[in-house]
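Numbers 1 to 510, taken from full-length UniProt numbering, label the letters of the sequence shown in order.
Below: one structure, written as structure tokens.
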Amino acid sequence: MQRQASGKEATTSHSSATGQSSHEPSHEAGKVGVLGLVAIIISAMVGGGIFDLPQNLSQHTSAGGQIIAWFITGIGMWFIATMFRVLANVHPELNDGMYNYAYQGFGRFAGFLVSFGYWICNCCALVAYGILLTSTLNAFIPIFGDGNTVPAIITASAVVWLSFLFGCRGIRSNKVVYIIGTVCKLIPIAIFLVAMIAAFKLSVFLYGFWGFNAQGQPLAFHWDSVFHQVSSSMLVTLWLFIGIEGAVVVSGEAKSQQAVSKATVTGFIGVLTLYTLVSLLPLGSFSAEQIAQIDNPAMAALLAAVVGPWGRTVVTVGIIISVLFAMLVWMVMLSQMPYYGAKDGLYPRMFTYVNKHGAPRNSMLVATIICQVLFILTYFLGNNVWNTITSITATLAMPCYLLCCMYLVKVSRPKQLWPEHCTFSQKYGFAVGILGTLFALFLVSAAGLHYLSMVCVVYVCGIGLFIAGRRQSGAHGSVVQLFTPRERIAAVAIIAVAIYGIVYTARYGL
């Protein structure tokens, strides 16, 4: 049995100065509380990447550089996390935050771009986790290779379709599973941390604190060398924080926006602490050079070196559980934005259908089909498949963060009305918005023109959905008239950059 939410003209629901949402609040009973939201955030962020984190960072920098990289990443992502908290507090009526923030602040086309871009970002994340899952299974069944062989693609595709079937039961039905899955994935990580603490030696940690020269001698601090180490390792640390917005994305299913705020800060602090310990503690037993050369998954090899072969088995099982639950969470998260966008007339009405569990089934179905196509395409990416997919995923998320930060600047700037119920001061909100915007701009610039052009290719692929949604919501006129003058300029610019990306990729590859 299905029901259809009525699509309505977006301009009527988003043009008011008060920023009232067109999405009616549902009853609180059965909705997701703080603990469930924290579990969603941790499951989305702590996927499989943490199990290779020691090696990934040690390839770029030593202990000193890692500490600086985590410090910079922590401060920057704190502004991003706080931005979501402030906006959830200022506008508790805005469900599916990221999409609605862009819509309210910069119009329907900007809202659509954030919605569609983040939707495809989630699809790429699912594919990345499928690759990691099958490449890990290759240790037991050596037919999966790097995660993009034919058996690997078939296996990962089956897992995604199973995630779709489970996701159709709805967020409220699955919240207990999220909590159980989060606990299960943290157990092998906790065992690893206890073992690393027991084996930790301060003298080993401090030796070569700033790296080693070509002769293997410890280096003194030199800013040029350390800056290079930090900047290269930042790409690793930033990818790991994709998912911090998890509670905001499913905020329409939360008990309250206060729960969203608490879950965001709790999840952020917990995950930052976890990542820092996982990357730094092994340096008290092994040098960065030793860690950089060990086999994947790095955490399994390190634990086996300290406690014996059973350590590898524990971590490998942890990876499988971690990735399976992360894929489920991403499946649920990616269904939200097309659903809310369709309710506002930015997607075709088919995306508004929900099943008896309240899950946007059609939205998840189309996303699963997209993932299936992406899995097939990974066959042609060769050995660099993991780095390519994760880079595209991270780049797709960056414009979403940027527009949300810019929206906070817009609503908190001087002389703007500030809600009396807000627990944050207007000046605090403005400062967080400015600093978050600067950090988001840094992330966008760090991605590079090539990957940004590929993001534009993704946006161009979605413009047809935007046009269809506008038509079905009652908009009339030519295709050009469906866009405002500013939206036309933005669309032309996106198409131009996308053409550059296609030409560049055709010539030089990904």
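No residue lacks a Cβ here, since even glycine has one placed at the ideal position from N, Cα and C.
{"Check": "Given Leu37 as reference, the closest of Phe325, Ser261 and Ala158 once Cα atoms are compared", "Outcome": "Ser261"}
{"Check": "For Pro151, the nearest candidate out of Gln258, Leu482 and Phe375 (CA to CA)", "Outcome": "Phe375"}
{"Check": "CA-to-CA distance, Ala431 to Thr437, given in whole angstroms", "Outcome": "10 Å"}
{"Check": "Ranges of the alpha helix (DSSP H) found wholly within the region 264-312, counting only runs of at least 4", "Outcome": "288-292 and 298-307"}
{"Check": "C-beta contact flag for Val354 and Ala195 at 7 Å", "Outcome": "no"}
{"Check": "Beta-carbon gap between Thr388 and Leu377 smaller than 7 Å", "Outcome": "no"}
{"Check": "Candidates Ala259, Phe241, Ala139 and Thr423: closest to Val32 by CA position", "Outcome": "Ala259"}
{"Check": "Alpha-carbon to alpha-carbon, Asp224 and Trp210", "Outcome": "12 Å"}
{"Check": "Cβ-heavy atom distance, Phe79 to the ligand MG, below 6 Å", "Outcome": "The ligand MG is not part of this structure, which contains no ligands at all."}
{"Check": "For Ala498, three-class secondary structure by DSSP", "Outcome": "helix"}
{"Check": "Gly117 classed as buried or exposed, judged by whether at least 16 other C-beta atoms fall within 10 angstroms", "Outcome": "buried"}
{"Check": "Beta-carbon spacing of Val236, Leu57 below 7 Å", "Outcome": "yes"}
{"Check": "Per-residue DSSP class, three states only, for Phe200", "Outcome": "coil"}
{"Check": "Reduced DSSP secondary structure (H/G/I, E/B, other) of Tyr347", "Outcome": "coil"}
{"Check": "Beta-carbon proximity check, Arg361 vs Cys168, cutoff 7 Å", "Outcome": "yes"}
{"Check": "Where Phe106 sits in the DSSP three-state scheme", "Outcome": "helix"}
{"Check": "Between the CA atoms of Leu417 and Leu324 - distance to the nearest angstrom", "Outcome": "45 Å"}
{"Check": "Where Tyr353 sits in the DSSP three-state scheme", "Outcome": "strand"}
{"Check": "Buried or exposed (CB count within 10 angstroms, at least 16 for buried), Thr61", "Outcome": "buried"}
{"Check": "Inter-residue CB distance, Ile244 and Met45 (contact presumed, cutoff 8 Å)", "Outcome": "6 Å"}
{"Check": "Local Cβ density within 10 Å of Val503, reported as buried at 16 or more and exposed below that", "Outcome": "exposed"}
{"Check": "Short Cβ contact (7 Å threshold) for Val455 with Leu396", "Outcome": "yes"}
{"Check": "Which listed residue (Leu449, Met299, Val457 and Ile499) has its alpha carbon closest to that of Leu280", "Outcome": "Met299"}
{"Check": "C-beta contact flag for Val444 and Met398 at 7 Å", "Outcome": "yes"}
{"Check": "Bridge partner(s) assigned by DSSP for Phe212", "Outcome": "Pro218"}
{"Check": "Close Cβ partners of Val385 (< 8 Å) along its chain, the five nearest in sequence each way excluded", "Outcome": "Ile131, Asp146, Gly147, Asn148 and Thr378"}
{"Check": "Within 7 Å, strictly: CB atoms of Leu482 and Val278", "Outcome": "no"}
{"Check": "Reduced DSSP category for Phe241 - H, G, I as helix; E, B as strand; rest coil", "Outcome": "coil"}
{"Check": "Proximity to Ser412 [Cα-Cα], best of Thr368, Cys400, Ala288 and Gly433", "Outcome": "Gly433"}
{"Check": "C-beta atoms of Phe200 and Gly284 nearer than 7 Å", "Outcome": "yes"}
{"Check": "Cβ-based neighbour list, Pro188, same chain, cut-off 6 Å, excluding 5 preceding and 5 following", "Outcome": "Val314, Val315 and Gly318"}
{"Check": "4 or more residues per run - each alpha helix (DSSP H) lying fully within the region 123-168", "Outcome": "150-167"}
{"Check": "Tyr339 - DSSP class collapsed to helix/strand/coil", "Outcome": "helix"}
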